[in-house]
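In this note's numbering, the protein residues as written are 1 to 84.
Idealized CB from N, CA, C, for every residue including glycine.
Only a predicted model underlies this, so the values are computations on that prediction, with no experimental measurement involved.
This report refers to the structure that appears directly beneath it.
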Amino acid sequence: MVQFLSLTSSVAALLLLSLGVNDVAAAANCVVASSSGDAAANIASAFNNCKNGGTVTFTKGVTYNLKSVVTIQGLKNVNVNLAG
Numbered sequence: 001m002v003q004f005l006s007l008t009s010s011v012a013a014l015l016l017l018s019l020g021v022n023d024v025a026a027a028a029n030c031v032v033a034s035s036s037g038d039a040a041a042n043i044a045s046a047f048n049n050c051k052n053g054g055t056v057t058f059t060k061g062v063t064y065n066l067k068s069v070v071t072i073q074g075l076k077n078v079n080v081n082l083a084g
């Protein structure tokens, strides 16, 4: 279970929009690195590295704390794996 202590509406909308995309062939998998502080930079990095047909994975059992806004643009066919 991914636990967000603070999640902005823009990040929530981005995650929900990304969940519906299924047509990805031989795509990269970008795992969001855990962080003891603000995970915003790690989340942005994962999405930017997999923004063209990749899968962004949030590891099961890891708590991701957001203390700042995550802005990501130019995503195309990105899957989001929230179960790890």
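Cβ-Cβ distance between residue i and residue j below 9 Å
i: Thr57; j: Ala39; result: no
i: Asn51; j: Gly37; result: It is worth fixing the name first, because residue 51 is Lys in this sequence and not Asn. No. Outside cutoff.
i: Gly54; j: Val78; result: yes
i: Thr59; j: Val80; result: no
i: Ala28; j: Asn48; result: no
i: Ser34; j: Ala41; result: no
Residue i (DSSP reduced to helix, strand or coil)
i: Asn77; result: coil
i: Asn42; result: helix
i: Asn138; result: Lying outside 1 to 84, the shown extent of the chain, residue 138 is not represented and no answer is given.
i: Leu16; result: Because the pLDDT of Leu16 is 49, which lies under 50, any placement of that residue in the model is unreliable, and the number read from its coordinates should be weighed accordingly. Helix, per DSSP.
Status (buried if at least 16 other CB within 10 Å, exposed otherwise) for residue i
i: Val69; result: exposed
i: Leu82; result: exposed
i: Lys67; result: exposed
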